[in-house]
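**Student:** Protein chains in written order, with my numbering: chain C, 8 to 462; chain D, 8 to 462. We put the beta carbon where it would ideally sit given N, CA and C, even for glycine.
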């Protein structure tokens, strides 16, 4: 991966939230401009084509349905390791050749890893699309995985972990909070991997993982841009179509979370922290595990409670009371397994972290008890619709929505009908969703400056 | 298993502590009364014979080197499930036949499961030893595992979980504390299994587990009692010796724990709790993972800090200050992987839980800073030696020591040299061991009555 690639949870969450907030409705896609084409190659590779004629560029993404939550015990980091290894030499191309080809035509490329998927993408002129497909199809199966490549790239990943996690109190806390929130589900394990396990990843681990997961029948190709579906299909067949189907994979059934009976707190105290902050999380259903309508209600709940400057938390704590520098809520819905809902805040001025936490908790209790007003709900739905319009302005957002949904158990139809399902959500659905937020059965992370004592 | 069988962590810890505190020294075993015989059958089964001529009884135990920490992800509870299934019908004996045979001769029998092993044992007259071996050798490989047996016994285990864990605030808290303390090691997962995973255990899971782990080359036979080694050897060859060797198992290498950077708290509030209590734990090396001398120092540290009524915690908090109803420390050393060291306490009279926790923490800080005195160390070593003498009085204790040590990576020599190694420990070793007890990087469980607020 490249220096700016993102694998951190925070970034993934943001992507998921944006993704979910921007899908076009059936009505809004009446114009053929947004008509999405979806088909399978004969080797099982899924292809999604999203026409976008506003500019002569194309976003080309390959999503592998494998992420850190699919790793074997003790092998954490192997999924993210491939985000690096995929940029090394193949039997046809030297290390760096793909990058140089993209740069030579003024394009950009990168990759990212999450709990449920690993994706590789390029943004280039449409003329270069087939060339990109050729490179991607090549590295899907032809990577040279030898001890030297493994050792070199493992050192790079170890250094990445040192600089991004071990030197960063926020990231260190986040890791231990996740491992405390999820006691059985593999989202407990950090995407980058535990240091002591990354250190031991070897050629055997890499080959096993590559041969199992890097196959056309475990991948989704997403192409968004100024392209003709028929032409893209022909190119995909000429490139990816030549890659042999891999072994069939069993359903992605992972350990699930037991009921939480306790209140859990994880506190990191560090001299590098200036402003204290907290984040309280609950395990809740994702779009893939929820009952119909439930995940949509959780999305609206997060929006109304803490989705932005119009939200209750922001208005109450930041604007009216003036005690918080920040306060909000978020729901990471686009996940294969049960996911997290969080509320967070940080004090401002003379206010204490306790005060902010109490005020946030009071809002959580209030929304679960009294629900939301018709007006709030309508405005939240409207904000979601408006956010779609913004999202469409970025071709890559559309590609991300389809890719992340398809890689986490969803379908093209799920994306297209999402706004319709959001519109159907009632105030009672939102209040019911808020019942997941049990104050005494939550997990809270506290980030504290050295001088301050614990919660 | 039988109603009084123990699998709960607390019980296992107690066993481990007793086990470690009672091994005879080389000098003390000079009399041939305690000369232990150790050999392998040709199928790989290890046999340990501990002569004990004081009474005409014999303790017969089979220890399988498999426990809950060896389970596959999502299959928690399968190891403990076998504690039940092993009492069902085999191809040679009906369900209950073994139990009735033991009862008919006035013997007793039972089984228990831990993170690292599963053991089955009978106490009978020496004349019945070969019969016991016959039954045990039979059920090692000849269990009838069909859907009906699985379904019936699974219901029994589910009911066991409901009554022992889900109806017990202490046990519920303990589960979530363990899963918070261990974020990567499998000691995170409860021995009995998570409810939602026990419910799904099936015949395929059981057969796989049985064929993999229930083999002579994965078992240790321990016989303690009024027996002649040569006679026992002949009997073992006639019974266990006929069981075919199983597949070789890979080394028991499990995921290890990352460094802990946070303070973690897990609070369970429940109306059934009368007196609040807390327990703070740290992950520390076990006898199997420690550097030479380190685990012995941890054992002595636990003894001096909180091993009984002579310990610092008891003397300070219960006797002098009178603020605690209980206060102590323990170290679960006999484990395959890194294990836990804990300190705990509960208030008395008007004292608050906070007061007790602060006083315990102060003693932890003091022992890590100032170490222990020569006199304290000498007395603790003497108490260990005395506890051995008591332990010898129970034949089953000796069998437990050898069995648990051999099932967690140790040898007969490790058991025999243990008192010698304890005697070599210095005050500096104990102080060095106390450095694991970092106050800000610990995991604390709080059990609170409904009325009281959190920590």
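1) Going by C-alpha to C-alpha distance, which of D:272, D:314, D:398 sits closest to residue 364 (chain D)?
2) What does residue 7 (chain C) pair with, by DSSP beta-bridge criteria?
3) Work out the CA separation of residue 51 (chain D) and residue 125 (chain D) for me, nearest whole Å.
4) Tell me which residues share the same chain as residue 293 (chain C) and place their Cβ nearer than 8 Å to its Cβ, disregarding the 5 neighbours each side in the sequence.
5) Sorted by chain position, which residues of the same chain lie with C-beta nearer than 8 Å to residue 298 (chain D)'s C-beta, five sequence neighbours on each side aside?
6) Under a three-way DSSP split, which group does residue 271 (chain D) fall into?
7) Taking residue 362 (chain C) as the reference, give the member of C:391, C:313, C:323, C:77 with the closest Cα.
8) Between residue 94 (chain C) and residue 106 (chain C), how many whole angstroms is the CB-CB distance? I'm expecting something under 8 Å.
9) Tell me, please, whether the CB atom of residue 268 (chain C) is closer than 8 Å to any CB atom in chain D?
10) What residues of chain C sit near residue 263 (chain D), judged by a beta carbon separation below 9 Å?
11) Between residue 84 (chain C) and residue 180 (chain C), is the Cβ-Cβ spacing less than 8 Å?
12) Could you give the distance in angstroms between the alpha-carbon of residue 132 (chain D) and the alpha-carbon of residue 401 (chain D)?
13) Using DSSP with H/G/I as helix, E/B as strand and the rest coil, what is residue 430 (chain C)?
14) Which one or two residues does DSSP pair with residue 44 (chain C) in a beta bridge?
15) Give a yes or no on whether the minimum CB-CB distance between residue 191 (chain D) and chain C is below 8 Å.
16) Name the residue from C:320, C:367, C:249, C:304 whose alpha carbon lies nearest to the alpha carbon of residue 442 (chain C).
17) Taking residue 385 (chain D) as the reference, give the member of D:426, D:177, D:367, D:256 with the closest Cα.
18) What did DSSP end up calling residue 201 (chain D) once you bin it into helix, strand or coil?
19) Between which residues of its own chain and residue 250 (chain D) is the CB-CB distance below 8 Å, once the five residues before and five after are set aside?
20) Using DSSP bridges, identify the partner residues of residue 102 (chain D).
21) Examine chain D for any beta-carbon lying closer than 8 Å to the beta-carbon of residue 447 (chain C), and answer yes or no.
22) Does DSSP classify residue 166 (chain D) as helix, strand or coil?
23) Would you mind sorting residue 459 (chain C) into buried or exposed? The rule is 16 or more other CB atoms within 10 Å of its CB.
24) If I measure Cβ to Cβ from residue 381 (chain D) and keep anything under 7 Å in the same chain, skipping five residues before and after, which residues do I get?
25) Buried or exposed for residue 260 (chain D), going by 16 or more other Cβ atoms inside 10 Å?
26) Pairing CB atoms from the stretch 167-183 of chain D with CB atoms from the stretch 237-246 of chain C, are three or more of them under 8 Å?
27) Rounded to the nearest angstrom, what separates residue 138 (chain C) and residue 188 (chain C) at their Cα positions?
28) Please report the straight-line C-alpha distance between residue 76 (chain D) and residue 212 (chain D), rounded to a whole angstrom.
29) With DSSP run on the structure shown, which of helix, strand or coil describes residue 282 (chain C)?
30) Going by C-alpha distance, which of C:113, C:154, C:122 is nearest residue 134 (chain C)?
31) Can you check whether the C-beta of residue 457 (chain C) is within less than 8 Å of a C-beta belonging to chain D?
32) Rounded to the nearest angstrom, what separates residue 229 (chain D) and residue 72 (chain D) at their Cα positions?
33) Among C:130, C:199, C:123, which one has its Cα closest to the Cα of residue 111 (chain C)?
34) Among the residues of its own chain, which have a CB less than 6 Å from the CB of residue 374 (chain D), if the five just before and after it don't count?
35) CA-CA distance, residue 296 (chain D) and residue 74 (chain D)?
36) Just verifying my parser: in three-state terms, what is the DSSP assignment at residue 226 (chain C)?
**Tutor:** Reading off the structure:
1) The residue labelled residue 364 (chain D) in the question sits at position 357 within the second chain. When each option's Cα is compared against that of residue 364 (chain D), the closest is D:272.
2) There is simply no residue 7 (chain C) to check, as chain C begins at 8 and stops at 462 in what is shown.
3) By one-based count along the second chain, residue 125 (chain D) stands at place 118. By one-based count along the second chain, residue 51 (chain D) stands at place 44. When rounded, the separation of the alpha-carbon atoms in residue 125 (chain D) and residue 51 (chain D) is 18 Å.
4) Walking along the first chain from the start, residue 293 (chain C) turns up at place 286. Counting only Cβ-Cβ distances below 8 Å, and skipping sequence neighbours, we find 302, 339, 340, 341, 342, 343, 344, 345, 346, 415.
5) Stepping through the second chain from its first residue, residue 298 (chain D) is reached at position 291. Around residue 298 (chain D): 292.
6) The count along the second chain starts at 1 and reaches residue 271 (chain D) at position 264. Strand, per DSSP.
7) Along the first chain, one-based indexing puts residue 362 (chain C) at 355. Shortest Cα-Cα distance from residue 362 (chain C) to any of C:391, C:313, C:323, C:77 involves C:323.
8) One-based indexing of the first chain puts residue 94 (chain C) at position 87. One-based indexing of the first chain puts residue 106 (chain C) at position 99. With 8 Å as the limit, residue 94 (chain C) and residue 106 (chain C) qualify as a contact, their Cβ atoms being about 7 Å apart.
9) For the purposes of this step, residue 268 (chain C) is taken as the residue at position 261 of the first chain. By this cut-off, residue 268 (chain C) is an interface position.
10) By one-based count along the second chain, residue 263 (chain D) stands at place 256. Under the 9 Å cutoff, chain C gives 81, 201, 203, 204.
11) Position 77 of the first chain holds residue 84 (chain C). Position 173 of the first chain holds residue 180 (chain C). In this structure, residue 180 (chain C) does not lie closer than 8 Å to residue 84 (chain C) by Cβ.
12) Taking the first residue of the second chain as 1, we reach residue 132 (chain D) at position 125. Taking the first residue of the second chain as 1, we reach residue 401 (chain D) at position 394. Roughly 15 Å separates the two Cα atoms.
13) As a working note, residue 430 (chain C) is residue 423 in the first chain. Here residue 430 (chain C) sits in helix by DSSP.
14) Against the first chain, residue 44 (chain C) aligns to sequence position 37. Beta-bridge pairing links residue 44 (chain C) to C:56.
15) Counting from one through the second chain, the residue named residue 191 (chain D) turns up at place 184. It does: the Cβ of residue 191 (chain D) has a partner Cβ on chain C nearer than 8 Å.
16) By one-based count along the first chain, residue 442 (chain C) stands at place 435. Nearest of C:320, C:367, C:249, C:304 to residue 442 (chain C), Cα basis: C:304.
17) Walking along the second chain from the start, residue 385 (chain D) turns up at place 378. Cα-wise, what sits closest to residue 385 (chain D) is D:426.
18) Sequence index remark: in the second chain, residue 201 (chain D) carries index 194 (1-based). Coil, per DSSP.
19) Position 243 of the second chain, counting from 1, holds the residue named residue 250 (chain D). Taken in chain order, the residues that qualify are 50, 52, 144, 147, 148, 222, 223.
20) Position 95 of the second chain, counted from the start, is the residue given in the question as residue 102 (chain D). Answer is none; residue 102 (chain D) lacks a bridge partner.
21) Here residue 447 (chain C) refers to the residue found at position 440 when the first chain is read from its first residue. Chain D, which has a Cβ nearer than 8 Å to the Cβ of residue 447 (chain C), makes this yes.
22) Position 159 of the second chain, counting from 1, holds the residue named residue 166 (chain D). Looking at residue 166 (chain D) - three-state DSSP - the assignment turns out to be helix.
23) Residue mapping note: residue 459 (chain C) aligns to position 452 of the first chain, counting from 1. In this prediction, residue 459 (chain C) scores a pLDDT of 48, lower than 50, which makes its location untrustworthy; no coordinate-derived value is stated.
24) Start at 1 with the first residue of the second chain, and residue 381 (chain D) comes out as number 374. 434, listed in sequence order.
25) Position 253 of the second chain, counting from 1, holds the residue named residue 260 (chain D). The residue is exposed, with fewer than 16 neighbouring Cβ atoms inside 10 Å.
26) Note that the stretch 167-183 of chain D does not touch the stretch 237-246 of chain C; fewer than 3 beta-carbon pairs, one per stretch, sit closer than 8 Å.
27) Here residue 138 (chain C) refers to the residue found at position 131 of the first chain. Here residue 188 (chain C) refers to the residue found at position 181 of the first chain. Approximately 44 Å between the Cα atoms of the pair.
28) Counted from its first residue, the second chain places residue 76 (chain D) at position 69. Counted from its first residue, the second chain places residue 212 (chain D) at position 205. Here the alpha carbon of residue 76 (chain D) sits roughly 16 Å from the alpha carbon of residue 212 (chain D).
29) Mapped onto the first chain, residue 282 (chain C) falls at position 275. Residue 282 (chain C) carries a coil assignment under DSSP once its states are collapsed to helix, strand and coil.
30) The residue given as residue 134 (chain C) occupies position 127 in the first chain. It is C:113 whose Cα lies nearest to the Cα of residue 134 (chain C).
31) To locate residue 457 (chain C), count along the first chain from 1; it is residue 450. Answer no: the Cβ-Cβ gap between residue 457 (chain C) and chain D never drops below 8 Å.
32) The residue you call residue 229 (chain D) lines up with position 222 of the second chain. The residue you call residue 72 (chain D) lines up with position 65 of the second chain. Each residue's Cα considered, the two are about 13 Å apart.
33) One-based indexing of the first chain puts residue 111 (chain C) at position 104. Out of C:130, C:199, C:123, C:130 has the C-alpha closest to the C-alpha of residue 111 (chain C).
34) Position 367 of the second chain, counted from the first residue, corresponds to residue 374 (chain D). Answer for residue 374 (chain D): 312, 441, listed in chain order.
35) If you number the second chain from 1, residue 296 (chain D) lands on position 289. If you number the second chain from 1, residue 74 (chain D) lands on position 67. The straight-line gap from Cα to Cα measures roughly 18 Å.
36) For the purposes of this step, residue 226 (chain C) is taken as residue 219 along the first chain, with counting starting at 1. Strand.
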